[in-house]
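Numbering (this note's numbering), first residue to last: 112 to 374.
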């Protein structure tokens, strides 16, 4: 029988000690990963709002240059991707410890019809309106100016951006969707309540982009989370997220200075 907020399995009644352990585990995971990122993003938004130019006067680089020397900069980019990969691995490990291997959360062998096609559809459904929301919010002064990449013109720039997109996608979808919704479900949270918690978390750590970025990612979280709850397929979410980020990073790199509508 399919669980209300996770993969198919019968969940035994948990003892008070087990419930406490899950709560502490979730707290630790959030402090180490996206929960702390959410607090940092909220403070960043507050700082932007209180600055002389307001939120619209701030610029945020998503993939900034970290060093003047090319090789050292590349190593910084790889370390950033490795950190996100570590977060994804942590989520997978903790789910595996609780009896849910990758196959049970929808990370089995990838299939074209059930994974790739839905992933591309989700990327279009989320990505195109998201771009419109950002441009509108930026024009109204509710969003910071987002620079998807400020990396120098190095041979490794595009591979590094694609790796960053994939690492972001894996970390967010595994931890924020599969891990968090599953563990909250084990604590007895309803399907809708678990979904809302996941979406609010996703929106929180994007608040550095402004209220528009936070709201847009909250909606993305609701759609992605519900899709996983209904299909138990995580690959489409990872593929969609990686596609959205990669298009944004590479598109900005190629179009910057050539189109008037790009901030």
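Even glycine gets a Cβ: it sits at the ideal position worked out from N, Cα and C. The model shown is predicted, which means the values in this text are computed figures rather than measured ones.
Put simply, the backbone Cα of residue 276 is about 5 angstroms away from that of residue 353. Ranked by how close their Cα comes to the Cα of residue 165, the residues 285, 272, 182, 256 have 256 in first place. Following the DSSP letters along the chain, one finds residue 170 inside the beta strand (DSSP E) bounded by residues 170-172.
The residues 323, 327, in chain order, have a CB closer than 7 angstroms to that of residue 244 in the same chain once the five nearest residues on each side in sequence are set aside.
If you draw a straight line from the Cα of residue 330 to the Cα of residue 350, it is about 18 angstroms long. Here the segment 332-347 makes no contact with the segment 259-277; the two share fewer than three CB pairs at distances below 8 angstroms.
Between the beta-carbon of residue 272 and that of residue 204 there is about 27 angstroms, and that puts the pair past the 8 angstroms contact cut. In this structure, residue 140 keeps its C-beta atom at 8 angstroms or more from the C-beta atom of residue 363.
Counting only the Cα atoms, residue 124 lies some 43 angstroms from residue 189. Non-local C-beta neighbours of residue 229 in its own chain, meaning closer than 6 angstroms and more than five positions away in sequence, comprise 347, ordered along the chain. Under the three-state reduction of DSSP output, residue 254 falls in the strand class. By the Cβ test, the segment 303-317 is not in contact with the segment 209-218, since fewer than three Cβ pairs between them sit closer than 8 angstroms.
Bounds of the alpha helix (DSSP H) holding residue 352 are 346-366.
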